[in-house]
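Laid out in structure tokens, this is it:
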């Protein structure tokens, strides 16, 4: 692990063009961070990535004055904070690809999926061996911080079946809304940026079965952007 509590990677999907030396500071498990990574991949833009240790608040504060991810440092050295602002900035480099319509039903469905996914995913991220948990202190920091918000991880994992039962109807609703395996609304849009990262997170839950159209969309889109799913536990 490099000094300063960061792990550097280089994300390049297809031909790199036009992005200069933009750097994204992220957690690997973070669905909001994955929005930005997804946008860069769809644009085939090279993006420098730095995975920050979970307990490395100093790096985040040094960059933007507070503990937060994602942070996108543009090639002019200026940082950006809001994930959708980052997505818009990246998509505006050259010809945009997120040109399709958005639907309020998709955004509402995504919000419901988030609420029902958190009790399943937060207790599992700590088991995945991700780089942001690369030290004992970093892992402990995550567990203590999230346990205060959500409760005991062991108890939550013991409720997996009822949590899956609560999530599945929302995934079925999403399946009925998906128009194409390669774009939730038939043409790439910000709704894809909302939906795919949530499915990537939900897929860490071993035993969760996506409805057919959701599974088809998830697999096709992950292949399109060149990312493998996270491990499932």
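Residue numbers (this note's numbering): 3 to 235. The beta carbon of each residue, even a glycine, is placed where N, CA and C say it ideally should be. Only a predicted model underlies this, so the values are computations on that prediction, with no experimental measurement involved.
CA nearest to the CA of residue i, picked from the options
i           : options               : result
residue 148 : 25, 43 and 56         : 56
residue 49  : 58, 66, 74 and 59     : 74
residue 82  : 109, 107, 27 and 170  : 27
residue 218 : 53, 180, 169 and 190  : 180
residue 199 : 24, 41 and 25         : 41
residue 110 : 196, 158 and 157      : 196
residue 54  : 144, 210, 202 and 169 : 144
residue 228 : 46, 34 and 29         : 46
residue 23  : 178, 202, 224 and 78  : 78
residue 93  : 65, 37, 105 and 70    : 37
Residues sharing a beta bridge with residue i, DSSP
i           : result
residue 26  : 51 and 74
residue 81  : 75
residue 182 : 185
Cβ-Cβ separation, residue j to residue i (assumed contact under 8 Å), whole Å
i           : j           : result
residue 174 : residue 213 : 5 Å
residue 44  : residue 192 : Contact flag wrong, Cβ pair sits at about 11 Å.
residue 155 : residue 128 : 7 Å
residue 216 : residue 126 : About 19 Å; that fails the 8 Å criterion.
residue 132 : residue 235 : So it is not a contact: roughly 12 Å between Cβ atoms.
Outcome for residue i when other beta-carbon atoms lying within 10 angstroms are tallied against a minimum of 16
i           : result
residue 150 : exposed
residue 231 : exposed
residue 222 : exposed
residue 72  : buried
residue 165 : buried
residue 85  : buried
residue 20  : Unreliable placement is indicated for residue 20, whose pLDDT of 45 sits below 50; the coordinate value is still reported in the next sentence. Classification for residue 20: exposed.
residue 123 : buried
residue 138 : exposed
residue 97  : exposed
residue 225 : exposed
residue 140 : buried
residue 25  : buried
Enclosing alpha helix (DSSP H) for residue i [first to last residue]
i           : result
residue 214 : 214 to 227
residue 36  : 33 to 45
residue 152 : 138 to 152
residue 109 : 106 to 127
residue 199 : 192 to 204
residue 66  : 59 to 66
residue 160 : 155 to 160
Residue-level contact to chain C via CB, residue i, 8 Å cutoff
i           : result
residue 100 : Absent from the structure: chain C. Only one protein chain is present.
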